[in-house]
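Printed below as a string of structure tokens:
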């Protein structure tokens with residue numbers, strides 16, 4: 001069962017969307033899985049659009065180099081196809097959202113397009129109040145943001161404070177968690193955990209020493 005009147009899914013959805021495409025288009029929607037209700041995708045050289053049938057609308061993800069840059073949801077297959085084609089043609093995020101209001105993107109995704117995603121993420125992390133523990137990491141984040149070595153890397157603040165080489169990877173170089181005031185755990189994938197006693201500057205110094213010389 002599809003989730004809303006007139007909805008299609010899987011191969012049926014691919015056929016319906018392709019019927020909306022210009023016959024001269026070199027791109028065609030195709031299922032990405034054999035599952036009957038699986039997603040379909042429209043692929044370009046570096047860009048991709050995936051569409052999944054949701055309960056209330058078609059859920060769309062706009063990707064570039066396998067990374068999600070925007071998302072949206074609509075029941076309008078014709079508008080969906082036009083937006084997908086425009087994305088593959090290189091239309092920018094602001095224009096996409098202006099032409100198709102169902103297209104949305106985050107502050108960080110907007111930064112992908114500008115090329116200042118690292119600086120934007122540092123600003124987001126420094127002002128984040130999204131986790132209950134964010135206040136426990138405030139000193140660590142502020143000190144890290146002011147450190148010339150650490151600031152070359154891409155930060156994250158979730159269950160702990162972590163850094164990645166850049167925005168377009170999920171690989172974590174190192175992370176810091178607060179066990180209690182004055183005690184931190186420093187982690188590097190594949191290495192033994194290190195307990196750090198002291199204040200924020202102590203653990204930031206350990207992080208900077210590890211990152212020094214690595215590529216950011």
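In UniProt numbering, the protein residues as written are 1 to 216.
The beta carbon of each residue, even a glycine, is placed where N, CA and C say it ideally should be.
Exposed unless 16 or more other CB atoms sit within 10 angstroms - verdict on residue 24: To locate residue 24, count along the chain shown from 1; it is residue 24. Under the 10 Å beta carbon count, residue 24 is surrounded by fewer than 16 other beta carbons and is classified as exposed.
As an exercise, report each continuous beta strand (DSSP E) stretch of at least 3 residues that is fully enclosed by the segment 19-46, in chain order. List check, beta strand (DSSP E) in window: 40-43.
Taking Cβ positions, are residue 27 and residue 45 nearer each other than 8 angstroms? Within the chain shown, the letter at position 27 stands for residue 27. Within the chain shown, the letter at position 45 stands for residue 45. Taking C-beta atoms as the reference points, residue 27 and residue 45 fail to come closer than 8 angstroms.
For residue 201 versus residue 143, is the C-beta distance shorter than 8 angstroms? Here residue 201 corresponds to residue number 201 of the chain shown, with the count starting at 1. Here residue 143 corresponds to residue number 143 of the chain shown, with the count starting at 1. Yes, Cβ-Cβ distance for residue 201 and residue 143 is below 8 angstroms.
Residue 212: which of 151, 8, 48, 119 sits nearest, CA to CA? Taking the chain shown and counting its residues from 1, the one referred to as residue 212 is at position 212. The shortest C-alpha separation from residue 212 is found at 151.
Run of the alpha helix (DSSP H) containing residue 124, from where it starts to where it stops: Indexing the chain shown from 1 puts residue 124 at position 124. First-last of the alpha helix (DSSP H) with residue 124: 117-126.
Could you tell me which residues DSSP pairs with residue 108 in its beta bridges? Here residue 108 refers to the residue found at position 108 of the chain shown. Checking the DSSP bridge columns, you'll see residue 108 has no partner listed.
Measure the alpha-carbon distance for residue 31 versus residue 69 and round it to whole angstroms. For the purposes of this step, residue 31 is identified with residue 31 of the chain shown, where counting begins at 1. For the purposes of this step, residue 69 is identified with residue 69 of the chain shown, where counting begins at 1. Taking the CA atoms as reference points, residue 31 sits about 21 angstroms from residue 69.
When DSSP builds the beta bridges, which residues end up paired with residue 176? One-based indexing of the chain shown puts residue 176 at position 176. Note: residue 176 is bridge-paired with 161, 186 in the DSSP secondary-structure output.
Let me know if residue 94 comes out buried or exposed under the rule of 16 or more other beta-carbons within 10 Å of its beta-carbon. Counting from 1 along the chain shown, the entry for residue 94 is found at position 94. Exposed is the call here.
So the candidates are 121, 197, 164, 100; which of them puts its Cα closest to the Cα of residue 109? Taking the chain shown and counting its residues from 1, the one referred to as residue 109 is at position 109. The shortest CA-to-CA distance from residue 109 to any of 121, 197, 164, 100 is the one to 121.
Closest by CA to residue 72, which one among 49, 196, 165? Here the question's residue 72 lines up with position 72 in the chain shown. For residue 72, the nearest C-alpha among the options comes from 49.
Taking the CB atoms as reference points, tell me whether residue 80 and residue 17 lie closer together than 8 angstroms. Taking the chain shown and counting its residues from 1, the one referred to as residue 80 is at position 80. Taking the chain shown and counting its residues from 1, the one referred to as residue 17 is at position 17. Against a cut-off of 8 angstroms, the Cβ pair of residue 17 and residue 80 comes out as a contact.
Three-state secondary structure (DSSP) at residue 93? Stepping through the chain shown from its first residue, residue 93 is reached at position 93. DSSP places residue 93 in helix when its eight states are reduced to three.
Provide the residue(s) that pair with residue 169 in DSSP beta bridges, ordered along the chain. As a working mapping, residue 169 is identified with position 169 in the chain shown. According to DSSP, residue 169 bridges with nothing at all.
At which residues does the alpha helix (DSSP H) containing residue 210 begin and terminate? As a first step, residue 210 must be located in the chain shown, where it is residue number 210. That run of the alpha helix (DSSP H) goes 200-211.
What three-state label does DSSP hand residue 13 in the structure shown? In the chain shown, counting from the first residue as 1, residue 13 sits at position 13. Residue 13: helix per DSSP, three-state reduction.
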